[in-house]
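The numbering used here applies: residue 27 is where the sequence shown begins, and numbers increase by one.
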Amino acid sequence: MESPAKTCQPGCECRGALKFAVCQGAGLAQLPVRAPASTELLDLSHNLISVVPRRGFAGTRKLRVLLLQSNNISRVEDGGFAQLEFLQKLDLSWNRVAALAEGFSLGLASLRELQLSHNRLTSLDARSFLHLDGLQRLNLSDNGLRTVQARSFASMSGLRQLHLQRNRLTSLRSGAFTMLRSLEVLDLSGNRLQEMELATLLSVRTYGTHVLLRGNPWNCDCELQRVFRKLRSVQRLFLDDYLNLTCSEPAVLRAHRLTEVDSQLCIAETVTGFAGSVAVLAASLAADARFGTGGFSGLTSRCCSHNKREAKRRKALISLRNSSMDTSPRV
């Protein structure tokens, strides 16, 4: 039987008894890498690998952990991991992957954790994840994703954590998370979301899902207020950072917390229209700045008193109009 030393790639440290091979920072530029067939942990991080070829790991079929972070990987060929039926963790973070091939997940039925953060992904194809039924943690943070299509994660019914923070997401399709029946954490913070469809998060059916949303440029119109009001009443969802959500639009509310305006903005809209309510808020803010009356502390009372006066005025006009239209003879 050949000793582990003879089957170990130069620059690597292989421990047959411990079933690991460490080639971190060994200057490796291509695969495959020589390692004992019994290896279960292979660390290839901080190298110069640019392509994961088909059958690149045919000699290490017993791998359970494969670390490929901080390389120059821009392409993973179809079936690049097809021989790794026992693999549980795959780390491809800090690379240059711009797209995932349809056969990316072939052979990865045992995978539990997939790290794809800090790459160059701009879109997702559900077919790339087709064989990841056992996946529990997926990290797609710090890419260039612009949208999440419906059923992008349809094959991952057992997913517990989905990290999408710090991408360029501007919209989320209503069915994007429909099949995630075990989701515990959904991180959407630090994106470019301005609005949210109610159905998007209602489609998450797991009880106790924690949703992170801060760091997005929210447009604090009345529709957004209604959506969040309803979402907060859904007992199975926890909006952990709701108190820290800030407005980006309209301009008069920029940098103010959503919780500071949600009680008055939409009340005003029912009477004066959205544009009118914003004008009321703008005038109130200007007055606060001029007289130092405490920002939003004075805003609520002025906004609401304005609404009450306007409502009384309209009620009086309606009453007057009705009386003028009543032409029946009086007895």
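Virtual Cβ for every residue (Gly too), placed ideally from N, Cα, C. Nothing here was measured: the structure is a model prediction, and the numbers come from that model.
In the three-state reduction of the DSSP assignment, S154 falls in the helix class. Taking R186 as reference, the option from S71, L118 and L158 with the minimal CA-CA separation is L158. Its chain contains L209, E210, V211, L212, R262, L263 and F264 as the residues whose beta carbon lies nearer than 8 angstroms to that of T235, once the 5 sequence neighbours on both sides are disregarded; these appear in chain order. Non-local beta-carbon contacts of L118 in its own chain, meaning distances under 8 angstroms to residues more than five positions away in sequence, involve L94, Q95, I99, V102, L140, Q141, L142 and N145 in chain order. D104 is classed as exposed because its beta carbon has fewer than 16 other beta carbons within 10 Å across all chains shown.
In this chain, V230 is not harboured by any beta strand (DSSP E), its DSSP state being neither H nor E. Contact between the segment 160 to 170 and the segment 187 to 202 is present: three or more C-beta pairs spanning the two stretches fall below 8 angstroms.
Rounded to the nearest whole angstrom, the CA to CA distance from T204 to S229 is 5 angstroms. Assignment of T285 by DSSP, reduced to helix, strand and coil, places it in the helix class. Looking at the backbone, the Cα of S178 and that of L227 are separated by about 15 angstroms.
Following the DSSP letters along the chain, one finds Q56 in no alpha helix (DSSP H), marked with neither H nor E. Under the three-state reduction of DSSP output, V77 falls in the strand class.
Of the candidates L113, R60 and A135, A135 places its Cα closest to the Cα of M182. Following the DSSP letters along the chain, one finds K115 inside the beta strand (DSSP E) bounded by residues K115 to D117. When secondary structure is reduced to three states using DSSP, V278 falls in the helix class.
It is roughly 46 angstroms from the alpha-carbon of V237 to the alpha-carbon of P36. In chain order, S131 and S181 place their CB closer than 6 angstroms to the CB of F155, counting only its own chain and leaving out the 5 sequence neighbours on each side.
With 16 or more neighbouring CB atoms inside 10 Å of its own CB, P62 falls in the buried class. With contact defined as three or more Cβ pairs closer than 8 angstroms, the segment 243 to 257 and the segment 270 to 283 are in contact.
Around the beta carbon of A52, 16 or more other beta carbons sit within 10 angstroms, so the residue counts as buried. For C40, the enclosing beta strand (DSSP E) covers residues E39 to R41.
Minimum Cα-Cα distance from T148 among the listed residues L161, G133, R122 and L239 corresponds to R122. Within the segment 166 to 240, the complete beta strand (DSSP E) segments at least 3 residues long are 187 to 189, 211 to 213 and 235 to 238, listed from N- to C-terminus. A straight line joining the alpha-carbon of L214 with that of L224 spans about 15 angstroms.
If the five residues before and after K115 are omitted, its C-beta is found closer than 6 angstroms to the C-beta atoms of V91 and E139, all from its own chain and listed in chain order. Ranked by how close their Cα comes to the Cα of R199, the residues A176, R240, W120 and Q56 have A176 in first place. Note on geometry: alpha-carbon atoms of A202 and A124 lie some 21 angstroms from one another. With a threshold of 16 other beta carbon atoms within 10 Å, Q56 falls short and is exposed. Excluding five sequence positions before and after A47, the CB atoms of its chain that fall closer than 6 angstroms to its own CB belong to C38, C40, A61, T65 and L68, given in chain order.
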